[in-house]
Structure formats: structure tokens, C-alpha cells
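Quick note on this note's numbering: the sequence shown kicks off at 4 and runs consecutively.
Let me begin by presenting the structure, written as C-alpha cells, before commenting on it.
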Amino acid sequence: MILVDTPIWHAHGRRWSHLVSDTDVDELHDFAAGLGLPARAFHRDHYDLPSHLRDDAIAAGAIAVGSRELVRRLRAAGLRRPKARARIDND
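Structure below.
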């Protein structure tokens, strides 16, 4: 299932949502391609979706959820890929 959260993330003079799949990444890539999202909009486990395309995503079948629910479902599916944390060596 494709999920989209509320566009609350500010960057580059606009608001953004996250577009994810709680099924598999191939489903997500296919859905994003159908919306015309470029590959550069993909980041580890989600696409950044500009707010003006959110309604299009929902019309195409994405389910609107809150950000916490989106992350919860992504984790439950085993598809969450957080940023790697910087390793600090204390030598």
C-alpha cells in the first residue's frame, strides 16, 4: 500500500510530504514514476513529494496518514532505512 503524510516539511521554498510503500520498494518506484517524480526524489526508503502533487498521489490511490503512522507502518514492514549515524572513534 502506498502512503503519503501531511506536507509539513519545509525546503527549497515549498512544503513536502513523504511518499512510501508498506509493501515493497518496487511498488513505490512504480507509483512514483506514474506521478512523474524523478529518481533524485528517492531517499533510502521514501520519495520527497512536493505539496502540489499530494492530491494527485491520493487520487492515484495513496492513503493519507500522519507522519508518525507513516513511519510506524514503514518500520512494521521492515522497510525503514534511517540515515546512518556518524561513528565517533575515541582513540
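Note that beta-carbon positions come from the ideal geometry of N, C-alpha and C, so glycine has one too.
(message) In this structure, how does DSSP classify H49 when only helix, strand and coil are distinguished?
(response) H49 falls in the strand class under three-state DSSP.
(request) Let me know the secondary structure DSSP gives A60 once reduced to three states. (result) helix
(request) With a threshold of 16 other CB atoms inside 10 Å of the CB of R17, please say whether the residue is buried or exposed. (result) exposed
(request) Check whether the Cβ atoms of S24 and L82 sit closer than 8 Å, and answer yes or no. (result) A contact, by the Cβ cut-off of 8 Å.
(message) Are the CB atoms of I11 and I66 within a distance shorter than 8 Å?
(response) no
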